[in-house]
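Asker:
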Amino acid sequence: MISGLVPQLPRIAVIVPNFNDSRHIGRCLKALLEQSVPPDELVVVDDCSTDNSVEVIRSIIDGRPGVELVCNPKNLGVYGALDAGSRLVNCDYIMFVAANDFVFPGIIEHAKHCIARYPGVGLWSGMGWLVDDHDRSLGPLALAVPALQDRYFPPQDCVQMAWRLGNWFAGPTVVYHKETLESVGRFNPEYRGLADLISALMIASKRGAIFVPVPYAVFRQHEGSYLASTLVNPEVLIPLLSGMAAKAPALAPELFDPAFCQRIISRFVFAAVRASGGRQIAAYPAILESWQARWLARLDCILPENWRLLRVVAAFLVLRSYDVWPSLWNRMLGTAIVARRHRLIMEGVLSGNR
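With my numbering applied, the sequence shown covers 97 to 450.
(1) Between the stretch 359 to 369 and the stretch 378 to 393, do at least 3 Cβ pairs fall closer than 8 Å?
(2) Quick one: does D396 have its CB under 8 Å from some CB of chain B?
(3) Quick check on the DSSP output: the alpha helix (DSSP H) that includes S386 runs from which residue to which?
(4) Going by beta carbon distance, what residues of the same chain come within less than 6 Å of F265, once the five residues before and after it are set aside?
(5) Would you decide whether I398 is buried or exposed? Buried here means 16 or more other CB atoms lie within 10 Å of its CB.
(6) Considering L429, what are the terminal residues of the alpha helix (DSSP H) in which it resides?
(7) Based on DSSP bridge pairs, tell me the residues matched to F315.
(8) What residues in its chain sit with their C-beta under 6 Å from that of R107, if we drop five residues either side in the sequence?
(9) Taking G173 and P285 to be in contact with their CB atoms under 8 Å, please state how far apart those CB atoms are, rounded to whole angstroms.
(10) Under 8 Å, do Y312 and I203 count as touching if we go by C-beta distance?
(11) How about the stretch 220 to 238 and the stretch 324 to 333: do they share at least three Cβ pairs that are nearer than 8 Å?
(12) Between the C-alpha atoms of A300 and D179, what's the straight-line distance to the nearest angstrom?
(13) By alpha-carbon positions, which one of A410, A207, K343 ends up nearest to L104?
(14) Can you have a look at M97 and say buried or exposed, based on whether 16 or more other CB atoms are within 10 angstroms of its CB?
(15) Is it buried or exposed, G374, if we count other Cβ atoms within 10 angstroms and call 16 or more buried?
(16) So, for N116: in the same chain, excluding its five sequence neighbours on each side, which residues have a beta-carbon less than 8 Å away from its beta-carbon?
(17) Can you check which of these residues, S118, Q131, A305, C210, is closest to V140 by C-alpha distance?
(18) Starting from the Cα of F307, find the closest Cα among I153, D253, C357, I111 and give me that residue.
(19) Between the beta-carbon of A305 and the beta-carbon of V217, is there less than 8 Å?
(20) Run through DSSP, which three-state label would V280 get?
(21) What do you get for H230, buried or exposed, if any count of 16 or more other CB atoms within 10 angstroms of its CB means buried?
(22) Pull the bridge partners of H438 from the DSSP assignment, please.
(23) Distance check for Y214 and V271, CA to CA, integer angstroms please.
(24) Determine, using beta carbons only, whether H273 and R303 come nearer to each other than 8 Å.
(25) According to DSSP, is W264 helix, strand or coil?
(26) Can you list, in chain order, the residues of its chain with a C-beta nearer than 8 Å to that of S99? Leave out the 5 residues immediately preceding and following it.
(27) Taking the alpha carbon of A352 as the point to measure from, which residue in H120, S362, M340 has its own alpha carbon closest?
(28) Looking at P309: is its Cβ nearer than 8 Å to the Cβ of V241?
(29) Run the CB neighbour count on Q317, radius 10 Å, all protein chains shown included, and call it buried at 16 or more, exposed below.
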């Protein structure tokens with residue numbers, strides 16, 4: 097960068113898909129419109145809601161420049177709604193915020209200034225804070241924390257981190273390089289609730305990523321979420337992961353070689369076991385390595401089904417033994433440090449948004 101020159105700030109668009117979320121969509125939109133630096137484009141895609149969502153949305157966005165409401169003529173599902181919105185924006189970068197989530201002040205401004213220092217970077221990601229369906233704070237989302245200050249990771253470092261840490265992307269905070277997102281097929285609906293993570297891994301391996309250890313969005317934790325419904329059904333997850341292993345290497349060979357595909361399959365299978373409370377410990381032999389399948393079958397016979405915690409811990413040791421240290425250091429300790437830094441600020445913002 098030449099001294100004395102101010103880097104050109106990127107333009108960021110935000111897409112908000114909505115389906116029957118009139119209870120939360122108002123706060124989601126207000127949080128975006130009241131940013132210190134608002135989105136350059138904001139598109140709300142209503143996916144055939146049958147509640148009063150459209151009326152709520154219009155009451156908030158009418159007269160706002162750069163804001164558009166799109167009402168789908170038929171229900172396209174979450175990724176169809178995202179695609180419909182993406183086709184309407186012209187910004188270099190794009191982010192997606194679910195109608196029942198909302199972002200904290202400063203996210204757009206922070207993202208713009210970081211990206212301006214590394215033009216063309218694949219994505220920018222902050223961290224997230226969890227609340228329940230009644231807006232009670234549940235603390236920070238426990239993802240891997242790769243750095244304790246703002247940091248750019250070049251593509252090769254992102255490949256190594258994907259191997260070592262797995263997922264460190266917090267969905268509603270991720271700002272994607274639009275052209276690179278399109279080059280990996282946007283979000284493949286075949287991957288259901290895992291599609292955004294898989295695409296983020298691909299993009300980071302191609303163009304690098306910026307990580308910011310600040311909780312910048314609220315995630316609403318509730319039963320029946322798209323991710324949860326993907327994980328708890330082996331009949332859905334097994335063909336999904338098999339399809340990923342077959343198709344992802346062609347889109348992102350920098351990362352998705354056969355060995356990494358097997359590693360990410362093991363991680364997702366563990367996530368499914370944990371989501372089931374340990375009940376599905378032996379439900380995935382067809383997509384695991386043979387020794388993993390044998391050990392899980394034995395544990396399923398040995399450990400009573402009501403020993404849920406022990407079954408989950410045992411599955412972790414079989415499926416993710418290589419993740420023990422990163423889970424302790426990057427996930428548990430890293431998240432605890434971030435929570436200590438930001439808890440009072442986050443609690444204040446949450447109480448002010450109720």
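C-beta atoms are modelled at their ideal positions from N, C-alpha and C, and glycine is treated no differently.
Answerer: Looking at the atomic coordinates:
(1) Touching, yes.
(2) Looking at the structure shown, chain B is missing, and only one protein chain is on hand.
(3) Start at 1 with the first residue of the sequence shown, and residue 386 comes out as number 290. Segment 386 to 398, the alpha helix (DSSP H) holding S386.
(4) The residue labelled residue 265 in the question sits at position 169 within the sequence shown. For F265, where only same-chain residues beyond five positions count, the Cβ hits under 6 Å are S221, A296.
(5) The sequence position of residue 398 within the sequence shown is 302, counting from 1. With fewer than 16 other Cβ atoms within 10 Å, it is exposed.
(6) For this step, residue 429 is matched to residue 333 along the sequence shown. Careful: L429 lies outside any alpha helix (DSSP H) and carries neither H nor E.
(7) For this step, residue 315 is matched to residue 219 along the sequence shown. DSSP output for F315 lists L226 as bridge partner(s).
(8) Within the sequence shown, the letter at position 11 stands for residue 107. Result list for R107: D136, C187, D188, in chain order.
(9) Your numbering for residue 173 matches position 77 in the sequence shown. Your numbering for residue 285 matches position 189 in the sequence shown. Confirmed, Cβ separation roughly 7 Å.
(10) Taking the sequence shown and counting its residues from 1, the one referred to as residue 312 is at position 216. Taking the sequence shown and counting its residues from 1, the one referred to as residue 203 is at position 107. Going by C-beta atoms, Y312 is nearer than 8 Å to I203.
(11) Segment contact: the stretch 220 to 238 against the stretch 324 to 333, fewer than three CB-CB distances shorter than 8 Å; contact not assigned.
(12) As a position in the sequence shown, residue 300 is number 204, starting the count at 1. As a position in the sequence shown, residue 179 is number 83, starting the count at 1. In a straight line, the C-alpha of A300 is about 20 Å away from that of D179.
(13) Against the sequence shown, residue 104 aligns to sequence position 8. Reading off the sequence shown, one finds Gln at residue 104, where the question assumed Leu. Cα-wise, what sits closest to Q104 is A207.
(14) Start at 1 with the first residue of the sequence shown, and residue 97 comes out as number 1. Residue placement at M97 is poorly supported in this model, since its pLDDT is 41, which falls under 50; the coordinates are not used for a value here.
(15) Taking the sequence shown and counting its residues from 1, the one referred to as residue 374 is at position 278. Result: buried.
(16) Here residue 116 corresponds to residue number 20 of the sequence shown, with the count starting at 1. Short of 8 Å from the beta carbon of N116, and not among the five residues preceding or following it, lie these beta carbons of its own chain, in chain order: S145, T146, D147, S149.
(17) Position 44 of the sequence shown, counted from the start, is the residue given in the question as residue 140. Looking at the Cα atoms, S118 is the closest of the given residues.
(18) Here residue 307 is taken as the residue at index 211 of the sequence shown, counted from 1. With distances taken between Cα atoms, F307 lies closest to D253.
(19) Here residue 305 refers to the residue found at position 209 of the sequence shown. Here residue 217 refers to the residue found at position 121 of the sequence shown. A305 places its beta carbon less than 8 Å from that of V217.
(20) Position 184 of the sequence shown, counted from the first residue, corresponds to residue 280. Note: V280 maps to coil in three-state DSSP.
(21) Residue numbering aside, residue 230 sits at position 134 when the sequence shown is read from its first letter. Looking at its Cβ environment, which holds fewer than 16 other Cβ atoms inside 10 Å, H230 is exposed.
(22) Here residue 438 is taken as the residue at index 342 of the sequence shown, counted from 1. Beta-bridge partners assigned by DSSP to H438: none are found.
(23) Counted from its first residue, the sequence shown places residue 271 at position 175. Counted from its first residue, the sequence shown places residue 214 at position 118. Using only the alpha carbons, I get a separation of about 13 Å.
(24) For the purposes of this step, residue 273 is identified with residue 177 of the sequence shown, where counting begins at 1. For the purposes of this step, residue 303 is identified with residue 207 of the sequence shown, where counting begins at 1. Yes.
(25) In the sequence shown, the residue the question calls residue 264 occupies position 168. In the structure shown, W264 sits in coil (DSSP, three-state: anything other than H, G, I, E or B).
(26) As a position in the sequence shown, residue 99 is number 3, starting the count at 1. Confidence in S99 is poor, its pLDDT being 43 and thus under 50, which makes the residue's placement unreliable; the coordinate value appears in the next sentence. So the list is empty, once near-sequence residues are dropped.
(27) Translated into positions along the sequence shown, residue 352 becomes position 256. It should be noted that the sequence gives Phe, not Ala, for residue 352. The candidate whose alpha carbon is nearest that of F352 is M340.
(28) Stepping through the sequence shown from its first residue, residue 309 is reached at position 213. Stepping through the sequence shown from its first residue, residue 241 is reached at position 145. Taking 8 Å as the Cβ cut-off, P309 and V241 qualify as a contacting pair.
(29) Along the sequence shown, read from residue 1 onward, the residue named residue 317 stands at position 221. So Q317 counts as exposed.
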